Amino acid sequence: MIRIDIMVAPVMHLRIILKKGTIMFIRTALAAMLGAASALPFTAHAQSPGSEAEDAETAEQSTPDIVIVIGRASPVSTLDRALEFQARQVRDIFDTEPGIDIAGGTRNGQRLFLRGVEGSNLNITVDGARQGRNLYNHRGGLLNIDPEILKRVDIQPGPAGADQGFGALGGAIRFETIDAQDQLAPGQTLGGFIRAAYASASEAERVAAGASLRLSDQVAVLAYATGTRFSDLRTGGGERVPFSGGEDRTYLIKLSALDMGDHALRAAYERNDASGLNFMQRGDYPWQLQPEDVRARPPQDQSLVRDTYTLRYAYSPATSWLDVGMSAYSSRNDFFAPASNGERFISQVTGGDIRNTARFDLGGAQLETTVGADYFDDGGTASRTDQGTHYTTNRNRGLYVQNRFYAGIWRLYAGVRHDEFSADYGPRSASGDAISFNAGGEAAFHPGFTVFAGYGESARGFGNLPIHFARNATADLTFNGAADGQLESERGRQWEAGARGRALPLGPGLLGYQGVVFRTDISKAVLFDQPGSGGLGGRPLTNLRNHGQTIRIEGWEAGLDYTLDRILTSLRYSTSDISNLPPEPQFIARLGAPRGDQLVWDTRVSLTPEISAGYTLRHTRALSDVPEGQIVYTPKPGYTLHDLQLSWAPRRWQGVGMELSVTNLTDELYIAHSTLTQDGLATAEAGRDVRVSLSYRF
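Per mature numbering (1 follows the signal peptide of the UniProt record, and there is no 0), the sequence shown runs over residues -46 to -1, 1 to 652.
Below is the structure:
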């Protein structure tokens, strides 16, 4: 056993233990990787790791590429890699990120975990628009996003700035959609594309089309639509998950007025409609437990529709005192099951942000100070023809100041935000406020070598109680077991420290590396009591209470990139431990999950100017250490997955593109470790999936 103790300022002490099993896992994974390398020498082309600021600058200057920035210690990759693998769902984007799990098997069962923290505890936005609460069980999250409309994804698992919103208990994920200008060449007035695709695992048929029109030198409009029809999911070995098929449709209209002197404006409307004949239990409820004749709890037609409106304005005159940003948004999530007594759950969110950044020249140093305010309102509606309508409301108002200081080798930051929040559950309401601090920085002690450390706090006042359960609040609802009791706000505290290097000459190529240790604490999580028997959706909600223990996730991540001409190969590893989760399934499922150590080897190569190829190995160590006293996270075996990709853009047919990819090449039967288990059963993931697509751009 190897023990590493790291002191990071006076606020943090991390202890990382490398057990013998972990070391053996790394050896096994490396052996698998090297064995695969001898047979499949595919590699990839991407950037070397760099600073967050440099990554952001690269993204702005390289409009055709969609850049993912992973925190402060991970390499940069491009979303076009995900599109080469014909990503149809958000989970496909994150396949090469070992710190992210999307489990649950079927589309409506998927849950996202960032370093073990469930997505309900993250600050997730699309074009700055936050989404509301879970609707029916966990349905209503942000997994129904079409990867093809995305330009950028920022994944921040570590401490967040005060100007990045409230409630990032376990981190933040920010999606940004494409602009019309991204799809048009200089001087081009009209452009567009059409794509047809097929995926074998769910017999999915997909058609997508988009058009961009330049109205003036600064103004352009984009219109996009796609439709996908798919059948029951085929898992490894050939078995299909019944009643898991359906249809997805996505529409995007976006007006972008950029580079208008000191002004920029973006206005967008996005709609996603997911429907199908599916079981009414939680999405990852083991289908094997359903009665064979499905009379007891039959599948029903259901739909989940998300409508999001966003408006963003920026004013940046030629002065260091003004850099104004304003945004407003409205997002509506609507789950409807007409045959289930007209059951409907709606989350209607409105929000916005206004800020100004002033820059001060301090003679060889620069200080940036951002001052702003944001607001968030989430109105929840639950209705049935036999039960009437129940309303709940969550609100948050925030004020913040964030400083960023640059001097020589140093980049430092410190900020504070104040949040006032309220929650109306019907019979009772709760309110309060919280102050959250953050501080940290990085130092480039040598060209290409940087060390960093940070600490951040976040707060949320109303938990993640689904609207499905909130409708059952009783007239004598108590807080922390008392009629006059009070709820405390949930608090997240995150520590992170590490080092990274980029563009280091090694042989004929360039080496990049990164390593980070982290810890996340979530305290005062809001839980709920529902006495009785039967499904939780029908039980009375009698009490809301704060969890008496602090949930803790700690671990480390590391990665290597090597670039040689048009070739890049990257190796990434992630391990974490989670403790003090509440044992009840309804809580643990919405807070966090254990998982086995994960290693990803991702490679691509440009074989010719027309042809590129890729190979990805994903190796997950067996899960043996699970929280005590609970039944939904059980020990699970490890698994190794192999993915292949080939794309062709023939020069003789300008604008034509053809892609072929195979995920889970060996048709492995496996269950993601974050998938919930019941009575020893769980829903498996997709088996071998052969994907083909043909596109034309003009």
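Where a beta carbon is used, it is the ideal one built from N, C-alpha and C, also for glycine. Note that the structure is predicted; figures quoted are calculated from it, not measured.
Assignment of N98 by DSSP, reduced to helix, strand and coil, places it in the coil class.
Here S74 carries a helix assignment [DSSP, helix/strand/coil].
Ranked by Cα distance from A398, the first of R382, G362 and D373 is G362.
Secondary structure at P539: helix, using DSSP grouped into helix, strand and coil.
Approximately 7 angstroms separates the beta-carbon atoms of T404 and A453; this is inside 8 angstroms, confirming the contact. Annotated three-state conformation of N62 is helix, per DSSP. Short of 6 angstroms from the beta carbon of E157, and not among the five residues preceding or following it, lie these beta carbons of its own chain, in chain order: S185. G326 is positioned such that its CB atom lies no closer than 8 angstroms to that of L366. Taking a cut-off of 8 angstroms for Cβ pairs, the region 537 to 557 and the region 429 to 436 do not touch, as fewer than three such pairs fall below it. Straight through space, the alpha carbons of A429 and R194 are spaced by roughly 45 angstroms. DSSP, read as helix, strand or coil, puts G491 in helix.
Excluding sequence positions up to five before and after I389, its CB lies within less than 6 angstroms of the CB of H372, all in the same chain and listed in chain order.
Remark: C-beta atoms of R65 and A57 approach each other more closely than 8 angstroms. By the Cβ criterion, the region 611 to 619 is in contact with the region 638 to 651, since at least three pairs of Cβ atoms, one from each stretch, lie closer than 8 angstroms. Apart from the 5 residues on each side of it in sequence, P581 sits with its Cβ closer than 6 angstroms to the Cβ of L535 in its chain, given in chain order. Assignment of beta-bridge partners to E157 by DSSP yields no partner. The beta carbon of A384 sits closer than 6 angstroms to the beta carbons of A377 and L441 from its chain, once the five residues preceding and following it are set aside; these are given in chain order. Boundaries around D261 are those of the beta strand (DSSP E), Q254 to Y269, since no alpha helix (DSSP H) includes it.
For the pair A153 and V646, the Cα-to-Cα distance works out to about 7 angstroms.
For H400, the three-state secondary structure derived from DSSP is strand. C-alpha of D213 to C-alpha of Q172: approximately 6 angstroms in a straight line.
Distance from the CA atom of R549 to the CA atom of T529, rounded to whole angstroms, is 8 angstroms.
Here A319 is exposed. Its C-beta has fewer than 16 other C-beta atoms within 10 Å.
Per DSSP, reduced to three states, the secondary structure at F652 is coil, with no helix or strand assignment. Beta-bridge annotation (DSSP): A319 is paired with A361. Checking the DSSP bridge columns, you'll see Q468 partnered with R454 and G513. For I103, the three-state secondary structure derived from DSSP is helix.
The alpha-carbon separation between E538 and A457 amounts to approximately 48 angstroms. The criterion of a C-beta distance shorter than 8 angstroms is not satisfied by F129 and T182. The region 135 to 151 and the region 108 to 122 do not touch, with fewer than 3 CB-CB distances between them shorter than 8 angstroms. When H596, T588, I532 and L518 are compared, the shortest CA-CA separation from V559 is found for L518. Residue L89 holds the alpha-carbon nearest to the alpha-carbon of Q235 among S533, L600, R225 and L89. Counted as a single uninterrupted DSSP element, the alpha helix (DSSP H) harbouring F423 occupies residues I421 to A424. Residue pairing by DSSP places W449 opposite Y409 and R473 in a beta bridge. Contact annotation: the region 479 to 499 does not touch the region 510 to 525, with fewer than three C-beta pairs closer than 8 angstroms. Per DSSP, the continuous beta strand (DSSP E) segment holding D430 begins and ends at A427 to F433.
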